[in-house]
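Inspection log for the structure reproduced underneath, given as structure tokens.
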Amino acid sequence: MFLMYINGINVSADGKLLYVSATVKGILHVYDRNIATHDIALKEKLEFHTGLDNIEIDPAGRLYIGAHPKLLTFVKHAKDPAVLSPSQILRLEARPAGGYDMEEIYLNTGEEISGSSVGAVHNNRMLIGAVFDPKMLDCRLE
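Rendered as structure tokens:
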């Protein structure tokens, strides 16, 4: 197994699923994980048209993924903080019959927070962090 530009990694609460995000390819790799042996086997690859970053999981098992919808702009932002980089947070929820429902719950051109890397959720609040911005964004979820 060879993965490039892995930036986010997390494990389900029961330890049976491993989530790995590949930023440049915009792919979320989902692995079945054997708790006893720690062996993993690829379960599925989910393709997104955005640069996936860190993965957070709420108590209900929903994934929150910080993302960079314009990777080349993010690279420019890394070299010059004055260049705003769009911020995006995706929420994925497993369907009972398999697969995931995806919802974009935050998207901004970078004025509020530039270059988001994570969305951490607790109850009805989400904190969005960024790679280079010296602040967090505190959001209320409906």
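Count the sequence shown with numbering that gives the first Met the number 0 and you get residues 0 to 141, in order.
Even glycine gets a Cβ: it sits at the ideal position worked out from N, Cα and C.
Quick caveat, the model's predicted, so the values are computed rather than measured.
Rounded to the nearest whole angstrom, the C-alpha separation of Asp132 and Tyr99 is 31 Å. Taking the C-beta atoms as reference points, Asn123 is found nearer than 8 Å to Leu140. Spanning the alpha carbons of Lys42 and His28 requires a straight line of approximately 8 Å. In this structure, Ile88 is the residue among Arg94, Thr72 and Ile88 with its C-alpha nearest to the C-alpha of Ala119.
Per DSSP, Ala77 is one residue of the alpha helix (DSSP H) stretching across Leu70 to Lys78. Of the candidates Val19, Thr22, Glu46 and Lys15, the residue whose Cα lies closest to the Cα of Ala35 is Lys15.
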